[in-house]
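A short write-up of the structure that comes next.
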Amino acid sequence: MTRQAVADALEEIGLLLELRGENPFKTRAYGNGARILRSLDRDLAALVRSGELGTIPGIGAALSEKITTLVNTGELPYLEKLRAEVPPGLLDCLKIQGLGPKKAQVLWSCLGVTGLDSLEAACKEGRVKALDGFGATTERKLLEGIERLRSQAGRFLQPVVQEAAERLLKTIRAVPGVLRAEAAGSVRRRAETSKDIDLVTSATDAEGVMDAFVAAAGIEEVTGRGPTKCSVRLVAGPAVDLRVVDDVSYPAALFYFTGSKAHNVAVRGRAQRLGFRLNEYGLVRNEDGAAVDCEDEAAIYAALGLAWIPPELREDQAAAHHSLPRLVAADDIRGVLHCHSTWSDGTATVAEMADAARKLGLSYLGLCDHSQSAAYAGGLSVERVVAQREEIDRLNRTFGSEFRILHGIESDILADGRLDYPDEVLERFDLVVGSVHSRFQLSANEQTARLLRAIDNPYLDIVGHLTGRILLSRDPYPLHVERVLDAAAEAGVAVEINAHPERLDIDAKALRYGLARGMQTAVNPDAHSTEGLQDIRYGLGIARKGWCTPDDVLNAWPLDRLLDHLSSRRARALARGGARGSS
DNA sequence: GCCGTTTTCGGCCCGACTGTTTTCAGTCG
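In my numbering, the protein residues as written are 4 to 586.
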């Protein structure tokens with residue numbers, strides 16, 4: 004059993020125990036265990052074999068034994084027993100914002116709620132508001148929550164679909180006779196979430212490819228199979244469509260199944276105007292019915308007088324543009340800004356994070372742990388800020404010129420828009436990220452005023468996760484996004500692309516709006532572990548979808564340029580603030 | 001359930017907000 008699957012099992016035990024009303028510290032121990040496993044950068048099976056599991060802080064005798072059983076046998080009787088005692092649908096109910104285990108337990112025991120359907124019925128019949136501790140508002144919010152959950156059902160985050168696609172492609176490419184194979188659809192376009200996975204391949208032996216495909220690991224059921232198309236559903240949830248074509252048709256098929264629908268319509272329209280017909284099998288000249296020889300996608304675009312359009316841009320009007328930007332790519336990234344360490348809620352030490360960044364070939368690491376008002380995340384008091392600085396200075400002396408840790412902070416933006424340290428503390432940081440972590444329920448005007456005041460603070464360098472959204476789970480808070488981006492562009496404050504796959508905040512559309520007004524950005528992994536640094540690839544997808552060039556991205560700049568920018572930006576902002584007599 | 005240890009059991013991150021109350025419990029970050 005994989006580390007991820009074991010972590011999921013521990014997490015589920017924690018939730019089931021909570022629903023049974025167990026000691027909260029016991030349930031938390033399972034949740035902690037799941038988090039520890041997810042951020043572990045060692046081989047779990049090897050840890051089990053060597054008996055070192057119990058030496059990991061947070062993993063004691065009980066968890067160690069259960070993890071060992073899961074790894075060795077793939078099952079756990081203890082978990083099966085818990086599952087039998089709690090209705091499975093009750094876990095779905097916990098995904099509703101504002102409904103925790105205590106209330107779910109009451110709904111189950113008093114009203115017989117066992118899932119979203121029975122909860123919806125109970126709400127509509129007014130039985131929920133009659134319960135002690137519940138009221139009409141709660142009942143209404145539960146119904147809204149059910150509605151939102153249903154509207155997002157069947158969508159999956161990038162780590163799920165990207166990794167499944169890569170794994171299946173590896174299987175397909177290993178089949179004899181396979182010439183080309185790629186992911187198409189929303190996965191290739193790097194959409195924030197995907198409904199399903201589309202794979203396109205060219206092969207001399209379609210049957211052989213499909214045989215290997217349906218035999219791949221992680222497939223729950225085969226839902227359809229014909230001569231050119233095979234559909235399956237994965238254990239992880241998403242459906243996968245595999246299309247096998249001959250190699251001549253491959254470029255057109257890849258183009259067609261990559262979409263988006265709007266992009267295909269635009270390009271087909273252009274083809275029509277130029278006297279061609281474009282479908283999933285190829286590009287055909289109308290006057291003589293001859294197929295145009297296109298050995299790859301670029302040739303199709305070229306035949307229509309267009310440069311090849313990167314899949315990330317195939318959402319809107321890209322086909323109407325004559326020149327496309329040189330999009331930022333993984334190779335451009337020089338460093339990371341905004342990640343955490345054990346000084347606050349990260350799982351790796353500063354030295355470990357720095358080491359991981361160096362191994363990725365990066366030349367700087369902006370460490371931005373949580374600030375003092377983030378008590379839940381172990382935010383740094385002023386004294387600990389000073390101590391952390393000493394540790395960072397000490398480490399920097401060991402690196403020489405090839406690597407540098409920047410001492411930053413992720414400072415909470417308070418409800419009134421102030422940052423949560425006085426200026427004399429803020430000025431000591433190399434880098435200040437400001438983020439909203441509380442008071443999401445302010446009105447759009449209040450939230451906007453809050454962000455605008457933060458942007459006016461001369462010490463703020465980067466706005467963190469602008470809208471607070473959590474994909475598939477929490478909507479953005481009300482905010483006049485464009486007004487905030489206008490102000491950030493004006494003040495020279497960057498707005499990050501939070502690269503965590505559950506956030507991807509800001510989104511590509513807002514990013515493009517800001518960039519067009521001169522705003523800068525940074526692709527920030529917001530990593531809480533060494534592994535989390537890898538999330539930068541999801542942020543790059545958004546950057547590219549937002550038409551972002553390397554010049555727009557602070558962490559695509561060499562360290563010298565970044566440091567010059569940060570110091571001159573602050574000097575300008577202080578001069579401006581001084582002139583206005585505010586701070 | 002984990003940890004640290006006064007080696008047998010008590011403390012475990014904590015403050016703010018919401019909706020329900022009339023002083024608080026549940027949820028969240």
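Each residue gets a CB set at the ideal place from its N, CA and C atoms; glycine is no exception.
Inset, instruction - Please name the residue, chosen from Gln375, Ser344, Pro528, Pro461, that lies closest to His440 on a Cα-to-Cα basis. - result: In the first sequence, residue 440 corresponds to position 437, counting from 1. Looking at the Cα atoms, Gln375 is the closest of the given residues.
Inset, instruction - Buried or exposed for Trp311, please, with buried defined as at least 16 other CB atoms from any protein chain shown within 10 angstroms of its CB. - result: Start at 1 with the first residue of the first sequence, and residue 311 comes out as number 308. So Trp311 ends up on the exposed side.
Legend entry - beta strand (DSSP E) segment containing Thr58, residue limits: Along the first sequence, read from residue 1 onward, the residue named residue 58 stands at position 55. Unbroken run through Thr58: none, as it is neither H nor E.
Legend entry - Start and end residues, beta strand (DSSP E) containing His468: For the purposes of this step, residue 468 is taken as the residue at position 465 of the first sequence. That residue, His468, is in no beta strand (DSSP E); it is neither H nor E in DSSP.
Inset, instruction - Within the same chain, show all residues whose beta-carbon is closer than 8 Å to that of Ser366, passing over the 5 residues directly before and after it, in chain order. - result: Here residue 366 corresponds to residue number 363 of the first sequence, with the count starting at 1. Cβ within range, chain order: Arg337, Gly338, Glu405, Phe406, Arg407, Pro561, Leu562.
Legend entry - Neighbourhood of Asp423 by C-beta, 7 Å cutoff - its chain only, sequence neighbours within 5 removed: Your numbering for residue 423 matches position 420 in the first sequence. Only Ser374, Gln375, Ser376, Ser414, Asp415, Leu417 meet the Cβ criterion.
Inset, instruction - Mind checking which residues open and close the beta strand (DSSP E) that includes Gly211? - result: By 1-based counting over the first sequence, the position of residue 211 is 208. Premise fails: Gly211 lies in the alpha helix (DSSP H), 209-217, not in any beta strand (DSSP E).
Legend entry - Contact belief for Gly411 with Val436 at Cβ below 8 Å, rounded distance in angstroms: By one-based count along the first sequence, residue 411 stands at place 408. By one-based count along the first sequence, residue 436 stands at place 433. Confirmed, Cβ separation roughly 6 Å.
Legend entry - For Tyr367, the three-state DSSP class (helix, strand or coil): In the first sequence, residue 367 corresponds to position 364, counting from 1. Tyr367 falls in the strand class under three-state DSSP.
Legend entry - Reduced DSSP secondary structure (H/G/I, E/B, other) of Arg191: Your numbering for residue 191 matches position 188 in the first sequence. Of the three classes helix, strand and coil, the one that applies to Arg191 here is helix, per DSSP.
Legend entry - Whole runs of the alpha helix (DSSP H) within the region 19-100, excluding any shorter than 4 residues: 27-41, 47-53, 64-76, 80-88, 92-96
Legend entry - Supposed contact pair Val74 and Met4 - C-beta distance, whole angstroms, cut 8 Å: As a first step, residue 4 must be located in the first sequence, where it is residue number 1. As a first step, residue 74 must be located in the first sequence, where it is residue number 71. With a Cβ gap of about 6 Å, Met4 and Val74 count as contacting.
Inset, instruction - Check whether the Cβ atoms of Gly157 and Lys98 lie closer than 8 Å to each other. - result: For the purposes of this step, residue 157 is taken as the residue at position 154 of the first sequence. For the purposes of this step, residue 98 is taken as the residue at position 95 of the first sequence. No; because the gap between Cβ atoms is not below 8 Å, this pair is not in contact.
Inset, instruction - Please name the residue, chosen from Gly229, Leu409, Ala133, Thr552, that lies closest to Leu565 on a Cα-to-Cα basis. - result: Looking up residue 565 in the first sequence gives position 562. Among Gly229, Leu409, Ala133, Thr552, the Cα nearest to that of Leu565 belongs to Leu409.
Inset, instruction - Please work out which residues of its chain come closer than 8 Å, Cβ to Cβ, to Leu398, disregarding the five sequence neighbours upstream and downstream, and give them in chain order. - result: Reading the first sequence from its first residue, position 395 is the one you call residue 398. So the list reads Val353, Ala354, Ala357, Ile408, once near-sequence residues are dropped.
Legend entry - Buried versus exposed call for Leu13 [16 or more other C-beta atoms within 10 Å across all chains shown]: Along the first sequence, one-based indexing puts residue 13 at 10. Buried, by the Cβ-count rule.
Legend entry - Residue environment, Phe159, which counts as buried when at least 16 other CB atoms sit within 10 Å: Counted from its first residue, the first sequence places residue 159 at position 156. Buried is the call here.
Inset, instruction - Take the Cβ of Asn267 as the centre, count every other Cβ of all protein chains shown within 10 Å, and call the residue buried at 16 or more, exposed below. - result: Start at 1 with the first residue of the first sequence, and residue 267 comes out as number 264. Its Cβ being crowded by 16 or more others within 10 Å, Asn267 is buried.
Inset, instruction - Determine contact between the region 205-220 and the region 237-247, defined as no fewer than three beta-carbon pairs at a distance below 8 Å. - result: yes
Legend entry - DSSP-derived helix/strand/coil call for Ser438: As a working mapping, residue 438 is identified with position 435 in the first sequence. Note: Ser438 maps to strand in three-state DSSP.
Legend entry - Start and end residues, beta strand (DSSP E) containing Ala525: Position 522 of the first sequence, counted from the first residue, corresponds to residue 525. Run containing Ala525: 524-527, per the beta strand (DSSP E) assignment.
Inset, instruction - Determine the direct distance from the alpha carbon of Asn460 to that of Ser585, and round the result to whole angstroms. - result: Within the first sequence, the letter at position 582 stands for residue 585. Within the first sequence, the letter at position 457 stands for residue 460. For Ser585, the predicted structure reports a pLDDT of 40, less than 50, and the residue's modelled location is therefore unreliable. A value from the coordinates is still provided. One C-alpha to the other measures close to 9 Å.
Legend entry - Under 8 Å between C-beta atoms of Asp464 and Ala513: Taking the first sequence and counting its residues from 1, one reaches residue 464 at position 461. Taking the first sequence and counting its residues from 1, one reaches residue 513 at position 510. Cβ distance not < 8 Å, so Asp464 and Ala513 don't count as in contact.
Legend entry - Residues near Leu557 in its chain [Cβ-Cβ closer than 8 Å; skip 5 each side]: For the purposes of this step, residue 557 is taken as residue 554 along the first sequence, with counting starting at 1. Cβ neighbours of Leu557 beyond the five flanking positions: Leu340, Ile465, Ala497, Gln523, Thr524, Ala525, Leu565, His568.
Legend entry - CA-to-CA distance, Arg453 to Lys362, given in whole angstroms: Position 359 of the first sequence holds residue 362. Position 450 of the first sequence holds residue 453. Cα to Cα, Lys362 sits roughly 39 Å from Arg453.
Inset, instruction - From the DSSP output, read off the bridge partner residues of Val233. - result: Taking the first sequence and counting its residues from 1, one reaches residue 233 at position 230. According to the sequence provided, residue 233 is Cys. The question's Val does not apply to it. Answer by DSSP bridge pairing, in chain order: Arg228, Leu245.
Legend entry - Length of the line joining the Cα atoms of Gly63 and Gly24: Counting from 1 along the first sequence, the entry for residue 63 is found at position 60. Counting from 1 along the first sequence, the entry for residue 24 is found at position 21. Going from the Cα of Gly63 to the Cα of Gly24 covers about 22 Å.
Legend entry - Spatially closest choice to Cys371 from Val388, Ala359, Ala378, by CA coordinates: Translated into the one-based positions of the first sequence, residue 371 becomes position 368. Minimum Cα-Cα distance from Cys371 among the listed residues Val388, Ala359, Ala378 corresponds to Val388.
Inset, instruction - Note down, in chain order, each residue of its chain lying with its Cβ closer than 8 Å to the Cβ of Ala502, except the 5 sequence neighbours on either side. - result: What you label residue 502 is simply residue 499 of the first sequence in a count that begins at 1. Once the five neighbours on either side are set aside, the close Cβ partners of Ala502 are Val526, Asn527, Pro528, Asp529, Asp538, Ile539, Arg540, Tyr541, Gly542, Leu543, Ile545.
Legend entry - As assigned by DSSP and simplified to three states, the class of Gly349: Position 346 of the first sequence holds residue 349. Reduced to three states, the DSSP call for Gly349 is coil.
Legend entry - Complete runs of the alpha helix (DSSP H) confined to the region 488-548 [at least 4 residues]: 511-519, 539-548
Inset, instruction - Decide if Tyr253 is buried, meaning its Cβ has at least 16 other Cβ atoms within 10 Å, or exposed. - result: For this step, residue 253 is matched to residue 250 along the first sequence. When all chains shown are included, Tyr253 counts as buried.
Legend entry - Three-state secondary structure (DSSP) of Val116: The residue labelled residue 116 in the question sits at position 113 within the first sequence. DSSP places Val116 in coil when its eight states are reduced to three.
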